[in-house]
Structure formats: C-alpha cells, structure tokens
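First up is the structure itself, then whatever we jot down about it.
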Amino acid sequence: MTAPPPGGLVLDGVVVRRGTAEIAASFAVPAGRVLALVGPNGRGKSTLVDAIAGLLPLAAGRIELDGTVLARVTPSSATFLPPQERGVGLVPQRHVLFAHLSALENAAFGPRSTGAGRAVARATGQRWLERFGVGDLAHRRADRLSGGQSQRVALARALAAEPRALLLDEPFAAVDADGRSELGALVREAVAGAGIPCVLVSHDADEVDRLADAVHRLS
1 MTAPPPGGLV LDGVVVRRGT AEIAASFAVP AGRVLALVGP NGRGKSTLVD AIAGLLPLAA
61 GRIELDGTVL ARVTPSSATF LPPQERGVGL VPQRHVLFAH LSALENAAFG PRSTGAGRAV
121 ARATGQRWLE RFGVGDLAHR RADRLSGGQS QRVALARALA AEPRALLLDE PFAAVDADGR
181 SELGALVREA VAGAGIPCVL VSHDADEVDR LADAVHRLS
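Quick note: the sequence shown uses this note's numbering, first residue 1, plus one each step.
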C-alpha cells in the first residue's frame, strides 16, 4: 500500500488474533489527521488499537510509525517493539487512572515516563489538565473524580507525554453531548497542533462526522 506523508501511521497487511477471532486491516493515517475505526461490536476495533499500542502481537503484516517499524511478521522473521518504546499515547475504553494519585500526578505520569524531571512533568501535566477543563481538580484523588472528569484526566495524561501517535478507544463515552463536542474539538486541535496521527474508535456517527478525516470500517 502507499505510505502516508512522513510522520504517518501505516498498517500494512496486519492480521491480529484474539481468541478464535482473526482481524485483518490495512490503512494509513497521515500526520495531524484522525482516522475513525467503525463497525459492529466484536469486529476487532479495540483489538487493532491494542496491537498498535503493542499490547497484542501480530500474526502477520507490518505496523510502522514515523518510518520506524513497530511490529512486523513475515514467514522468516518477526520484529516487535514493546509498548514503552513505541511513543504511542493510548486512552482505552476503561481509562484506568492511578486511583491513589491526584489528577495532577496522573497527568504528570506521562512526561515522567518519557524522562522529564518532576517539575517539568508537573507543569506539563497542569497545562494539559487546564486545557481539558479540569485544572481546578489537580489535587483531587483520581478515585474521587466523576466518570467524565476521569476521561478528561486520561486525555491530559496521554497528550502530556507528547506521543508520536494517539489512540482513542471510545474516549468520550462518559461525557454528555456538549462535553463530547468540546472534548472532540480539543483533541482535533491537539492532534493537528502536534502533527501526530490519531486513531479513534467510535460508535457515534455524529462524532465520527465531526472528528474524522477518514473512516476505516471493520465488518
């Protein structure tokens, strides 16, 4: 398949197995763009996201980001970068925060995990919390946040790490309609500003229409 411009994400002939299911996909996401993964439940959308993040191995094919091979399986060889070496930000369906840490400590975990010092990480985390409208909750423990507040903190944590790609698995599910529209616009702005590819899993047709530059359907 044709590669996207430099800085893009490529899935080429990818096959992932989970249980008895086999999911196959090929697509490309240019830098600064959003691709929506859509389709009925159980067709492998979350499985593909997990494979890009490095949480699942490939059975075949290649995943490449910014010209770097993240995973590749051929009849004669296999390459697999572990999740912590991929530079990919992931907000899963169950956006698990560290319950015993504050919102700020959760947000600062992203940059800390990439080598930033404590002061820089906290400043970056605070900036992203404010961007997602929860800056005033910086010192509240994660287990005392509402579902919508937790989703905002999870998005802040993912983007504070300055990822090379962003993976969003139904990231706005616990937010009301107005909040989804607001957060979607913020994510679009962040993706375009950082010049990173983004994969969005969504069952909301309006959300896909608003946010996605392209759609890949699993059926």
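A virtual CB, placed ideally from N, CA and C, is assigned to each residue, including glycine.
In this text, all values refer to a predicted model and were calculated from it rather than measured experimentally.
Exposed unless 16 or more other CB atoms sit within 10 angstroms - verdict on residue i
| i | result |
| --- | --- |
| ALA78 | exposed |
| ASN106 | buried |
| THR20 | exposed |
| PRO5 | Bear in mind that a pLDDT of 48 at PRO5, under 50, signals an unreliable position, so the number given afterwards is only what the model happens to contain. Result: exposed. |
| PRO92 | buried |
Extent of the continuous beta strand (DSSP E) run through residue i
| i | result |
| --- | --- |
| VAL38 | 34-38 |
| GLU207 | Careful: GLU207 lies outside any beta strand (DSSP E), inside the alpha helix (DSSP H) at 205-211. |
Where residue i falls: helix, strand or coil (DSSP)
| i | result |
| --- | --- |
| PRO4 | Confidence is the limiting factor: at PRO4 the pLDDT is only 44, short of 50, which leaves the residue's position unreliable, though a coordinate-based value still follows. PRO4: coil per DSSP, three-state reduction. |
| PHE109 | helix |
| ALA25 | strand |
| VAL96 | coil |
| GLY148 | helix |
| ARG157 | helix |
Own chain residues within Cβ distance below 6 Å of residue i, not counting five before or after
| i | result |
| --- | --- |
| ALA108 | ALA121, ARG122, GLY125 |
| GLY110 | ARG157, ALA160, ALA161 |
Beta-carbon contacts of residue i that lie in its chain and below 8 Å, excluding the five residues immediately before and after
| i | result |
| --- | --- |
| GLY233 | The chain is shown only over 1 to 219; residue 233 falls outside these bounds and no answer can be derived. |
| ALA135 | The identity of residue 135 in the sequence shown is Gly, whereas the question assumes Ala. GLN126, LEU129. |
| ALA53 | PRO83, ARG86, VAL88, LEU90, LEU167 |
| GLY184 | PHE172, GLU207, ARG210, LEU211 |
| GLY133 | ARG152, GLU182 |
Residue range of the unbroken alpha helix (DSSP H) whose run includes residue i
| i | result |
| --- | --- |
| ALA177 | 177-194 |
| THR47 | 45-53 |
| GLY125 | 118-131 |
Cβ shell of residue i (< 7 Å), same chain only, five flanking positions each side left out
| i | result |
| --- | --- |
| ALA192 | GLY32 |
| VAL38 | SER202, VAL208, VAL215, ARG217 |
Paired residues, beta bridge with residue i - DSSP
| i | result |
| --- | --- |
| GLY19 | Partner(s): none; GLY19 has no beta bridge. |
| ALA165 | VAL88 |
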